[in-house]
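This report refers to the structure that appears directly beneath it.
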Amino acid sequence: MADAALEIDDREAAARARLSGDWTLVGLTRTDGVCADFRAREARLRDLTQRGAHWDLRAIDRLDSVGAVLLWRTWGRAWPAALEVSEAHRRVLEHAAQLPEPVTGRAPREPFPVTLTLGRLGLRALSNLTGLIALIGQMVLDFAWLCAHPRDIPWREFSANLYKSGAQALPVTALVGFLIGVVLSYLTSLQLKAFGADVFIVNLLGISIVRELGPVLVAVLVAGRSGSAMTAQIGVMRVTEEIDALATMGISRTLRLVLPKVAALAIALPLLVIWCSSAGILGGMVAANLQMDLAYGFFIDTLPRAVPVANLWIGLGKGFVFGILIALVACHFGLKVRPNTESLSAKTTTSVVTSITVVILVDAVFAILTRNVGMPG
Amino acid sequence: MSAPSTPPAIEIRGLWTRYGETVIHRDIDLAVPVGEMLGLVGGSGSGKTTLLREIVGLLAPSQGTVRVFGHAVLDPDASVRRMVRRRFSMLFQQGALFSALSVYDNVAFPLRELRVFDEAMIRDLVLLKLAMVELEPRHGRLMPAELSGGMIKRVALARALAMEPELLVLDEPTAGLDPDRSENFVKLIRTLQKELGFTVVMVTHDLDTLVGLATRIAVLADQRIVACGTPAEVVAVDHPFIRNFFCSERAANALQKGKA
Ligand SMILES: Nc1ncnc2c1ncn2[C@@H]1O[C@H](COP(=O)(O)OP(=O)(O)O)[C@@H](O)[C@H]1O
Ligand SMILES: [Mg+2]
């Protein structure tokens, strides 16, 4: 295959340009040849056009649309006065000649960009909120329907979700809980020792882990682990039109996809909270024993007195609420995925970020509402 | 067109494909000279798509070699692989458009990858390719999810053509197009082939497309190529699949039309 070649005959007043070889994508973009690169060749051709050259294209072997567009553009989007070309190649050039003129001028800039961006953000947040409320409403309706038709309860999906987001999360939550317990106990024991208040480590660890850290840690872990998985799963089902297939079979997507996930997390999260808190207290106990020689027996004896049982209920209640919220947010964003990969990744990110933020917000609300409950007298 | 010295566009030797215990291809030999338009036909599930995937190097055959323009598509040398891959384009059965990019950006994508053209040139090339497949500039803004099945096929073809391939591999290009559009598609490929002289390998169930385009037909049945040759030669072969496929009334009409 020959490269695209260009011979220029300057002897007469008007230059003669004789083109030969392959004026194709491959022929034009190969770097070796007369012209250093594509841009240089383009500049050369434009220059010839300005000098009103006579164009001889008869020696061209092959002309594809890259060659044709290149010539048409360098001719300033008009047929040159003097042109010799074979019939087949003229047809290729005619395709390029039918191209619409490029639109010049930019799209007008929007006024008040900051206001617009903030407004759009607000509106998007509002639409997400209404979407979530609608999903909750649908959930309640589905629940009522299931109470009347217990045969339709999606047990299989429920148990699958319980296993995936509950049982399979046991190792990681235990590990994280244990390590946080160790760290917390180690740091506080250093401070407490300075005041000679060693024994209060039980109160500190017990309250903070059971009431606060356990639920929040588990919620963050589950939002990252299961929330993202739920959004991605429902999102891919949107991309591949599986949700539409479900709809045409007369199966409610909220009943079959959303409700089992919400129910599974509502059950699994409180259980994980207990599990994670136990691991945390175990870690704290081990660290306190190593750091301050606090006996295991003393720790276990003191714990029920230092941490009123109301704290356990608060932790469980938080777990229940967080579970429902995480699943709802994940499913809401999953259902909002538009059928393309970019939207899928964006919505998965948004889902995890939103559910963690919502969990922290709700945790603050819990802290205010329960500020008089469960403190040792 | 092909001097004896130039290697064939595609050369398959002793190719076997197995998925576990199931054998899909049993010792297939096939050569496609440069400039030919080969139609590959066979029953559903006979392994046509699999064979195409092996030709373009997406799948390694269990045994045997595939050479494209004289080079192994799965050559251990990455620069050889890249060089071979630049020379062909594939049109996938489902289109395989990038769902996150608009129609315009899908067609512009391979051109931008070359890093040779400026945006104005790319714009002209994209609009030209879209016009070739009868899409208007305003369609460029649509996202793949907003297209009909036939439009997806046409955008995918425009993207495949954007690289000005020397070998075009088409998997069921006219399935899902209305008869009018399929006829235009056949005309388009035929004109482009005349202008550019590329080689085409296509899988199709559509007799009109086959008769309108294929200069040679290969029939895949019983895990082998049971017949390969000009349409007239293939029709003469006595095989149950060929009898069924070509000798129905519909087929007779199409063949008649093709000759006329
Ligand atoms: N990844 C895979 N694993 C197992 N079997 C496969 C795989 N891909 C394809 N097959 C089987 O190979 C056979 C040929 O498939 P394919 O090439 O898609 O057929 P078609 O001729 O309809 O295009 C089918 O029976 C299919 O089930
Ligand atoms: Mg197929």
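In the order they appear, the protein sequences are chains A and B. Residue numbering for the first sequence follows my numbering, starting at 1 and increasing by one per position. Residue numbering for the second sequence follows my numbering, starting at 1001 and increasing by one per position. Here a beta-carbon is modelled for each residue, glycine too, at the ideal position from N, C-alpha and C. Keep in mind that this is a model prediction, so the values were computed, not measured.
message: Between the segment 1099 to 1119 of chain B and the segment 297 to 313 of chain A, can you find at least three pairs of beta-carbon atoms closer than 8 Å?
response: Contact fails between the segment 297 to 313 of chain A and the segment 1099 to 1119 of chain B, because fewer than three Cβ pairs, one in each stretch, are under 8 Å apart.
**Boundaries (first-last residue) of the beta strand (DSSP E) holding V147(A)** = Residue 147(A) sits at position 147 when you count from the first residue of the first sequence. Checking the sequence shown, residue 147(A) turns out to be Cys, not Val. Premise fails: C147(A) lies in the alpha helix (DSSP H), P113 to A148, not in any beta strand (DSSP E).
Check your understanding: If you measure from the beta carbon of V34(A) to each beta carbon in chain B, is any gap under 7 Å?
Key -> Indexing the first sequence from 1 puts residue 34(A) at position 34. Its pLDDT being 47, under 50, V34(A) is placed unreliably in this model, and the value from its coordinates should be taken loosely. V34(A) does not count as touching chain B.
- request: At 4 residues or longer, and completely inside the segment 1188 to 1259 of chain B: list those alpha helix (DSSP H) runs for me, N to C.
  value: 1207 to 1213, 1231 to 1236, 1240 to 1246 and 1249 to 1259
(request) Look up M375(A) in the DSSP assignment and say whether it is helix, strand or coil. (result) Along the first sequence, read from residue 1 onward, the residue named residue 375(A) stands at position 375. Coil at M375(A), not helix or strand.
Exercise. Can D37(A) and D61(A) be called in contact, C-beta distance under 7 Å?
Worked result: As a position in the first sequence, residue 37(A) is number 37, starting the count at 1. As a position in the first sequence, residue 61(A) is number 61, starting the count at 1. In this structure, D37(A) sits away from D61(A), with a CB-CB distance that is not shorter than 7 Å.
### Query
Can a CB atom of chain B be found closer than 7 Å to the CB of L25(A)?
In the first sequence, counting from the first residue as 1, residue 25(A) sits at position 25. Interface residue, yes.
Short Cβ contact (7 Å threshold) for S165(A) with T348(A):
Here residue 165(A) refers to the residue found at position 165 when the first sequence is read from its first residue. Here residue 348(A) refers to the residue found at position 348 when the first sequence is read from its first residue. No, Cβ-Cβ distance for S165(A) and T348(A) is not below 7 Å.
Report task. Output, in chain order, the set of chain B residues within a Cβ distance shorter than 7 Å of V66(A). Result -> Along the first sequence, one-based indexing puts residue 66(A) at 66. Result: L1125 and E1164.
Check: Along chain A, which residues have their Cβ under 8 Å away from the Cβ of L1157(B)?
Finding: Numbered from its first residue, the second sequence carries residue 1157(B) at position 157. None at all; the shortest Cβ gap to chain A is about 14 Å.
How many whole angstroms separate the CB atoms of G1070(B) and P1007(B), which I take to be in contact at a CB cut-off of 8 Å? Translated into the one-based positions of the second sequence, residue 1070(B) becomes position 70. Translated into the one-based positions of the second sequence, residue 1007(B) becomes position 7. Contact holds; Cβ gap of about 3 Å.
request  = Report the neighbours of F333(A) on chain B: residues whose CB is nearer than 7 Å to its CB, in chain order.
outcome  = Start at 1 with the first residue of the first sequence, and residue 333(A) comes out as number 333. Simply none; closest approach about 17 Å.
Q. Near N203(A), which residues of its chain fall below 6 Å by C-beta distance, leaving aside the five closest residues on each side in sequence?
A. As a working note, residue 203(A) is residue 203 in the first sequence. Around N203(A), the same chain offers A306 as residues with beta carbons nearer than 6 Å, after the five sequence neighbours per side are excluded.
Margin query: Against chain A, does S1099(B) count as a neighbour if the rule is that its beta carbon must be under 7 Å from one of theirs?
Written below: Working through the second sequence from its first residue, we reach residue 1099(B) at position 99. Chain A contact via Cβ: present.
Notebook entry, point to check: What's the gap between the Cα of G1035(B) and the Cα of L99(A)?
Noted result: Sequence index remark: in the second sequence, residue 1035(B) carries index 35 (1-based). Sequence index remark: in the first sequence, residue 99(A) carries index 99 (1-based). When rounded, the distance between both Cα atoms is 29 Å.
- Reduced DSSP category for G33(A) - H, G, I as helix; E, B as strand; rest coil: Within the first sequence, the letter at position 33 stands for residue 33(A). Unreliable placement is indicated for G33(A), whose pLDDT of 48 sits below 50; the coordinate value is still reported in the next sentence. Here G33(A) carries a coil assignment [DSSP, helix/strand/coil].
query = For A81(A), which of helix, strand or coil comes out of DSSP?
reply = Here residue 81(A) is taken as the residue at index 81 of the first sequence, counted from 1. Correct three-state label for A81(A): coil.
Check distances from the C-beta atoms of the segment 357 to 368 of chain A to those of chain B and list, in chain order, the residues that come in under 7 Å.
none
**Asked** Would the beta-carbon of H1025(B) fall within 7 Å of that of L1040(B)?
**Response** Indexing the second sequence from 1 puts residue 1025(B) at position 25. Indexing the second sequence from 1 puts residue 1040(B) at position 40. Going by C-beta atoms, H1025(B) is not nearer than 7 Å to L1040(B).
- Status (buried if at least 16 other CB within 10 Å, exposed otherwise) for P150(A): To locate residue 150(A), count along the first sequence from 1; it is residue 150. By the neighbour-count definition (other C-beta atoms within 10 Å, threshold 16), P150(A) is an exposed residue.
Would you mind giving the Cβ-Cβ distance between G280(A) and L213(A), rounded to the nearest angstrom? I have them listed as a contact below 8 Å.
By 1-based counting over the first sequence, the position of residue 280(A) is 280. By 1-based counting over the first sequence, the position of residue 213(A) is 213. The pair is a contact, with the Cβ atoms about 6 Å apart (cut-off 8 Å).
Secondary structure of L20(A), DSSP reduced to three states
Residue mapping note: residue 20(A) aligns to position 20 of the first sequence, counting from 1. The residue you asked about is not Leu; residue 20(A) is Ser in the sequence shown. Strand.
task: Report the partner residues of T341(A) according to the DSSP bridge assignment.
output: Taking the first sequence and counting its residues from 1, one reaches residue 341(A) at position 341. Answer by DSSP bridge pairing: none, since T341(A) is not bridged.
Subject >> N-terminal and C-terminal residue of the alpha helix (DSSP H) that D152(A) is part of >> reply: Within the first sequence, residue 152(A) is the residue found at index 152, counting from 1. Where D152(A) is concerned, there is no enclosing alpha helix (DSSP H), because DSSP gives it neither an H nor an E.
Under 7 Å, Cβ to Cβ, is there at least one residue of chain A near L1142(B)?
Translated into the one-based positions of the second sequence, residue 1142(B) becomes position 142. At a cut-off of 7 Å between beta carbons, L1142(B) makes no contact with chain A.
Run down chain D in chain order and give the residues with a C-beta less than 9 Å from the C-beta of G1197(B). As a matter of chain content, chain D is missing from the structure shown, whose protein chains are A and B.
Using 8 Å as the Cβ pair cut-off and three pairs as the minimum, do the segment 262 to 272 of chain A and the segment 218 to 225 of chain A touch? yes
message: Any beta carbon from chain A within less than 7 Å of S1002(B)'s own beta carbon?
response: In the second sequence, the residue the question calls residue 1002(B) occupies position 2. In this predicted model, S1002(B) has a pLDDT of only 43, less than 50, meaning its place in the structure is not dependable; the value taken from the coordinates is given anyway. Output row for S1002(B): interface = no.
| query | What are the residues that DSSP puts in a beta bridge with D244(A)? | reply | Residue mapping note: residue 244(A) aligns to position 244 of the first sequence, counting from 1. D244(A) has no beta-bridge partner at all, per DSSP.
**Asked** For the candidate residues T1199(B), I1152(B), I1242(B) and A1175(B), whose alpha-carbon lies nearest to that of A1232(B)?
**Response** Within the second sequence, numbered from 1, the residue matching residue 1232(B) stands at position 232. Here the closest residue by C-alpha is I1242(B).
Between the beta-carbon of L19(A) and the beta-carbon of L6(A), is there less than 7 Å?
Taking the first residue of the first sequence as 1, we reach residue 19(A) at position 19. Taking the first residue of the first sequence as 1, we reach residue 6(A) at position 6. Contact flag set, yes.
Distance between beta carbons of L1051(B) and L1220(B), contact taken as under 8 Å = To locate residue 1220(B), count along the second sequence from 1; it is residue 220. To locate residue 1051(B), count along the second sequence from 1; it is residue 51. The distance from the Cβ of L1220(B) to that of L1051(B) is about 7 Å, consistent with a contact at the 8 Å cut-off.
Check: So is the beta-carbon of S1044(B) under 6 Å away from any non-hydrogen atom of ligand 1?
Finding: Position 44 of the second sequence, counted from the first residue, corresponds to residue 1044(B). Checking every heavy atom of ligand 1 against the Cβ of S1044(B), one is found closer than 6 Å.
Determine whether the Cβ of A1108(B) lies closer than 7 Å to any Cβ atom of chain A.
As a position in the second sequence, residue 1108(B) is number 108, starting the count at 1. No, its Cβ sits nowhere closer than 7 Å to a Cβ of chain A.
- Query: Within 7 Å (strictly less), CB to CB, does A1221(B) reach chain A?
  - Reply: By 1-based counting over the second sequence, the position of residue 1221(B) is 221. Chain A contact via Cβ: absent.
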